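Quick note: the numbering used here has the sequence shown finishing at residue 613, numbered continuously throughout. Beta carbons are placed, not taken as given, at the ideal position from N, Cα and C, and that holds for glycine. Given the structure is predicted, the values throughout are model-derived calculations rather than measurements. Working notes for the structure below.
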Amino acid sequence: MSLRINDIAPDFTANSTEGQISFHDWIGKDYAIVFSHPRDFTPVCTTEFGAVAQLAPEFEKRGTKVLGVSVDSVDDHQKWKSDIAKVAGVPANFAIIDDSDLTVAKAYDMLPAEYYLPTEGRTPAHSATVRTVFIIGPDKKVRLTMTYPMSVGRNFAEILRALDAVQKTDGVPIATPANWVPGQDVIVALSLDDAAATEKFGPLDIKLPYLRYAKDPA
């Protein structure tokens, strides 16, 4: 069965470019983003890892750790990091785990129901579905997932925006509307009546009885 929102993210222990990682312990009290790739030294993946390297200060400001998953060895990952740095213009200072045995890919249901993945001679096509993003909360629960095909590079600005929305609404009776970015109005949950919502968030902009906006609580 695939992972669902609010499932506990499977724990695992794996070797990485930053040493051995025990996933739940590694998350600690932070948020985490896990982003997976079908193979090292592939063009789209290299640009994506570069984008993550460039955004490292933004993730740090949000108390969020990033973890790359690729189905190659730590030795290959270390060699690949020099290519990533050339593309990004900054070093890739985040951990990439060795998932050559597909333990994490299987635990996180990144593979199709029927698959054949040879250990030797494996190509990116064999693991094409290992191309997923998970946002995981400090409580180790899955908050958001995204899956992309091999031909479409991920938009990490959107992933950052989604992280902002997850953190903004975490444990607060609000939601974010379509295309929301930080600073814009939020939607007040229906669990609060108008009086309670006004007391908590200030004056409401009521578009419809069930669509009530409030200022973004800083």
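Residue i versus residue j: straight-line alpha-carbon distance, rounded
i	j	result
A404	K602	37 Å
Q473	M545	22 Å
V439	K595	45 Å
Y543	A590	43 Å
D467	F430	14 Å
A560	R434	30 Å
Q449	K460	14 Å
Y605	L539	24 Å
K610	V469	46 Å
L585	T593	12 Å
Q562	Q579	15 Å
V492	E453	Per the sequence shown, residue 492 should be read as Ile rather than Val. Computed Cα separation, rounded: 22 Å.
Residue i and residue j closer than 8 Å at C-beta
i	j	result
V528	R556	no
I530	I428	yes
F436	G463	no
A570	I582	yes
I400	V537	yes
D420	P533	no
Element boundaries [beta strand (DSSP E), containing residue i]
i	result
L539	V537 to T542
K602	D600 to L603
Residues sharing a beta bridge with residue i, DSSP
i	result
K563	Its beta-bridge partners do not exist; DSSP assigns none.
Y633	With the chain covering 396 to 613 only, the question about residue 633 has no answer from this structure.
Counting pairs of Cβ atoms below 8 Å between the segment 412-419 and the segment 437-447, do you hit three or more? no
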